[in-house]
Amino acid sequence: MTTPRWQRSPRLLKNLLAATLLLPALAFAQERPWPDGSQLVISVSMQFETGGQPEGAESPFSGTPLPKGYPDLPAQTWFDYGYKEGLWRMLDLWDRTGIKVTSHVVGEAALKHPELAKAIAERGHELAAHGMRWADSYNMNYAQEKQFIGDGVAAVEKITGQRSVGYNANWLRRSPNTLKVLQDLNFTYHIDDVSRDEPFVTMVRGRKFAVVPYTLRNNDIVLVEGRHFSAEQFYQQLVLEFDRLYAEGASKRRMMSVSLHDRIGGTPAMVEAMERFIRYAQSHPKVSFMRKDQIAQIVLTEKNPLIDNTEALYNQ
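Residue numbers (mature numbering (1 follows the signal peptide of the UniProt record, and there is no 0)): -29 to -1, 1 to 287.
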């Protein structure tokens, strides 16, 4: 009896074993590839909050608050930087690098600075919802939350003609009713989830609803304001994150999220860091920058989306 060739060749046996071990990864990649063939999709958030902040909102001066009744004028100027400088600088950056982003807009901020809301829409970016005011909604009842979110959507739509289909709650702290509220308001996705590095679908009252995960790891308010990262450290964080996700993207769907806030991410050093990162990412093949509404449509319309019903208890 002749011994099979694969048994006579240790090298061939090793290659066959390696191929067998790769089969699950290859099957996964074929099951849910990015439609455009990307190895990694990057989604940038540009938070438009300036003008919507409440009195006493967190600022660099929060450690020494003024007595009640005294306006904190320097703190106000910190927030004003967002509409006077930051957002415009970031908009120019997106134009230079040719990418489109998602801007989560507080309704009151858009009403106070309509020229900015219009500019975001006119330059081809997505205007997503961020509530009517910079306020918590986790403690609202269903009707209150629906009005809170709906009023913000209506304010932005009146100014820009663009109706929001994506939502971000204040500090991600949504309520158990939020996804049902969003479904009733004809939203298609939300971002208040940091559990995965790829978009997925969850079922809300038996219907598909997209989740496009947000980030705390690549978030300027967390790293720069909260942990006092320099712009250079922020850049290095993005590069390290990119390198790992890009490598993983060779065998499975990967998405990278970056979050910038008007008054923080729009400073000169941060915009310089962000431009360096975008150019770095664009130097790699099969890298795409997408708006979050585009990502949501991919997972909502594909045949075999990743489905995660971890929160089924709240979405009946």
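Cβ atoms here follow ideal geometry from the backbone N, Cα and C, with glycine treated the same way.
What residue from 18, 10, 40, 57 has the CA that sits closest to residue 239's CA? 57
Quick one: grab the DSSP three-state call for residue 301. Limits of the chain in this structure are -29 at one end and 287 at the other, which puts residue 301 out of reach.
Does the region 128 to 142 touch the region 46 to 55, meaning 3 or more C-beta pairs lie closer than 8 Å? no
Is it right to say residue 151 is buried, meaning 16 or more other beta carbons lie within 10 angstroms of its own, or is it exposed? buried
Those runs of the beta strand (DSSP E) which lie wholly inside the region 1 to 25 and span at least 3 residues: 11 to 18
Which residue marks the beginning of the beta strand (DSSP E) containing residue 210, and which one marks its end? Looking at the DSSP string, residue 210 is not in any beta strand (DSSP E); the run it does join, the alpha helix (DSSP H), is 202 to 219.
Extent of the continuous alpha helix (DSSP H) run through residue 50: 44 to 52
Using 8 Å for Cβ pairs, my map puts residue 226 next to residue 168. What's the rounded Cβ distance? 6 Å
Just to confirm before moving on: does the CB-CB distance between residue 286 and residue 198 stay below 8 Å? no
Burial state of residue 274, where buried means 16 or more other Cβ atoms lie within 10 Å: exposed
Note down, in chain order, each residue of its chain lying with its Cβ closer than 6 Å to the Cβ of residue 158, except the 5 sequence neighbours on either side. 136, 138
Cutting at 8 Å between CB atoms, please list the residues of its own chain near residue 210, excluding the five before and the five after it. 248, 251
CA nearest to the CA of residue 184, picked from 15, 9, 32, 148: 15
Just tell me which of 280, 161, 29, 71 has its CA closest to the CA of residue 102. 161
At least three beta-carbon pairs within less than 8 Å, the region 19 to 36 to the region 105 to 121: yes
Relative to the alpha-carbon of residue 8, which residue among 83, 258, 50, 262 has its alpha-carbon at the smallest distance? 258
Under 6 Å Cβ to Cβ from residue 71, same chain only, skipping five residues before and after it: list those, please. 95, 96, 262
Measure the C-alpha to C-alpha separation of residue 296 and residue 76 and round it to an integer number of angstroms. Outside the displayed range of the chain (-29 to 287) lies residue 296, so it cannot be described from this structure.
Please name the residue in 35, 69, 73, 87 whose C-alpha comes closest to that of residue 51. 87
On the DSSP bridge list, what partners appear for residue 98? 74
Near residue 230, which residues of its chain fall below 6 Å by C-beta distance, leaving aside the five closest residues on each side in sequence? 16, 186, 190
Determine the contact status of residue 180 and residue 193, defining contact as a CB-CB distance below 8 Å. no
Where does the unbroken alpha helix (DSSP H) through residue 194 begin, and where does it stop? Residue 194 -> no alpha helix (DSSP H), and no H or E assigned at all.
Among residues of its own chain, excluding the 5 on either side of residue 219, which ones have a beta-carbon nearer than 7 Å to its beta-carbon? 225
Just checking my contact of residue 277 with residue 11 at CB under 8 Å: how many whole Å lie between their CB atoms? The pair is not a contact, with the Cβ atoms about 16 Å apart (cut-off 8 Å).
Say yes only if the C-beta of residue 120 is nearer than 7 Å to one or more non-hydrogen atoms of the ligand NAP, and no if none qualify. As for the ligand NAP, it is missing from this structure, which has no ligand bound.
Can you tell me whether DSSP reads residue 236 as helix, strand or coil? coil
Rounded to whole angstroms, what's the CA-CA distance from residue 223 to residue 208? Just pull it up for me. 22 Å
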